[in-house]
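Engineer: Once you've had a glance at the structure underneath, I'll fire off some questions.
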Amino acid sequence: MLNRPYDGPLCRAFRGDLARVLVWFEHYQNEVVSRAGLRLVCAKGCRYCCFHWPEDVYSFEGEIAARTIVEQSPERVNEIAAAFRDDEREMERLDEIMGRKLGESTEGAQLSEEDRVELLLASYYRLERPCALLNPDGTCSIYSVRPLSCRIYLNFSDPFFCVPDHVDESDVRTYLLDLEEEASELLDLLHERFVRYKGITGLRPLLARLLESR
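Throughout, my numbering is defined as the position within the sequence shown, counted from one, plus 433.
So this is what it looks like as structure tokens:
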């Protein structure tokens with residue numbers, strides 16, 4: 434994909450190649466789970482993963498998702514963009530509160546940036562703010578083109594443990610099964626080729642901007 438002269442992330446050639454990457458990724462996940470002797474309990478209509486704040490979304494994933502929304506649900510574009518803007522404001526409010534609280538304690542002030550981000554994302558999850566792309570039946574309205582960041586959440590225990598109030602319990606078996614590092618680095622290069630909003634990699638704020646620009 435890196436060496437092909439695409440006419441942007443929305444062209445047929447790029448979307449076809451990306452679709453194949455997603456198929457390979459699904460096969461990879463299935464192989465890892467099978468070899469580990471685990472049983473996936475995730476099922477259609479379970480919406481708990483959609484309370485997350487997906488980060489590290491690639492620019493081309495956002496472009497394709499935004500185009501899909503515009504084509505499938507043109508009457509909802511403004512509504513979805515506004516909902517994602519509300520989510521962004523809530524995240525900013527939460528970040529400010531958390532920063533103030535952490536600054537009041539020695540332990541909090543010593544947190545690494547990575548740990549701080551993980552704590553912020555976990556705190557947002559507990560707010561149970563559903564993604565604006567959820568259908569009433571708990572399914573994703575852009576499921577076939579959802580970003581890789583939305584595909585990595587896996588649960589091998591009871592779905593009950595995906596409930597935000599229980600996700601930190603000791604016997605929870607939920608995992609993030611992502612791409613191998615080398616594959617991620619290749620997609621990072623593609624991301625840079627098509628990026629329009631530098632530094633915006635959260636799904637919700639990225640889609641808000643992409644939808645507002647159409």
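Cβ atoms here follow ideal geometry from the backbone N, Cα and C, with glycine treated the same way.
1. Report the three-state DSSP secondary structure of Cys475 (helix, strand or coil).
2. Considering only C-alpha positions, which residue in the set Arg549, Ile502, Tyr576 and Glu547 is nearest to Gly478?
3. Taking Thr539 as part of the alpha helix (DSSP H), name the residues at either end of that continuous run.
4. When the distance is taken between beta carbons, is Val490 closer than 8 Å to Gly635?
5. Apart from the five residues just before and just after Glu494, which ones in its own chain have a Cβ nearer than 6 Å to its Cβ?
6. In terms of residues, what are the limits of the alpha helix (DSSP H) holding Thr501?
7. How is Asn436 classed by DSSP in three states: helix, strand or coil?
8. From the DSSP output, read off the bridge partner residues of Thr607.
9. For my contact list, Thr572 and Asn588 are in at a C-beta cut-off of 8 Å; report their separation, rounded to the angstrom.
10. Could you give the DSSP three-state label for Leu443: helix, strand or coil?
11. I think Leu553 touches Asp520, with their Cβ atoms under 8 Å apart; what is that distance to the nearest whole Å?
12. Mapping the DSSP letters down to three states, classify Cys482 as helix, strand or coil.
Structural biologist: Looking at the atomic coordinates:
1. The residue labelled residue 475 in the question sits at position 42 within the sequence shown. Here Cys475 sits in coil by DSSP.
2. Locating residue 478 in the sequence shown gives position 45, counting from the first residue. Closest by C-alpha distance to Gly478, out of Arg549, Ile502, Tyr576 and Glu547, is Tyr576.
3. Within the sequence shown, the letter at position 106 stands for residue 539. Element bounds for Thr539: Thr539 to Ala542.
4. Stepping through the sequence shown from its first residue, residue 635 is reached at position 202. Stepping through the sequence shown from its first residue, residue 490 is reached at position 57. Yes, the Cβ-Cβ distance between Gly635 and Val490 is below 8 Å.
5. Indexing the sequence shown from 1 puts residue 494 at position 61. Short of 6 Å from the beta carbon of Glu494, and not among the five residues preceding or following it, lie these beta carbons of its own chain, in chain order: Pro580.
6. Numbered from 1 along the sequence shown, position 68 holds the residue referred to as residue 501. Unbroken alpha helix (DSSP H) run through Thr501: Ser492 to Gln505.
7. Stepping through the sequence shown from its first residue, residue 436 is reached at position 3. The answer is coil: DSSP assigns Asn436 none of H, G, I, E or B.
8. The residue labelled residue 607 in the question sits at position 174 within the sequence shown. Beta-bridge pairing by DSSP links Thr607 to Asn588.
9. Mapped onto the sequence shown, residue 572 falls at position 139. Mapped onto the sequence shown, residue 588 falls at position 155. Contact annotation, Thr572 with Asn588: C-beta distance approximately 17 Å; criterion of less than 8 Å not satisfied.
10. Position 10 of the sequence shown, counted from the first residue, corresponds to residue 443. Secondary structure of Leu443 (DSSP, three-state): coil.
11. Working through the sequence shown from its first residue, we reach residue 553 at position 120. Working through the sequence shown from its first residue, we reach residue 520 at position 87. In fact, because the Cβ distance is near 13 Å, the residues do not count as touching under 8 Å.
12. Taking the sequence shown and counting its residues from 1, the one referred to as residue 482 is at position 49. Correct three-state label for Cys482: helix.
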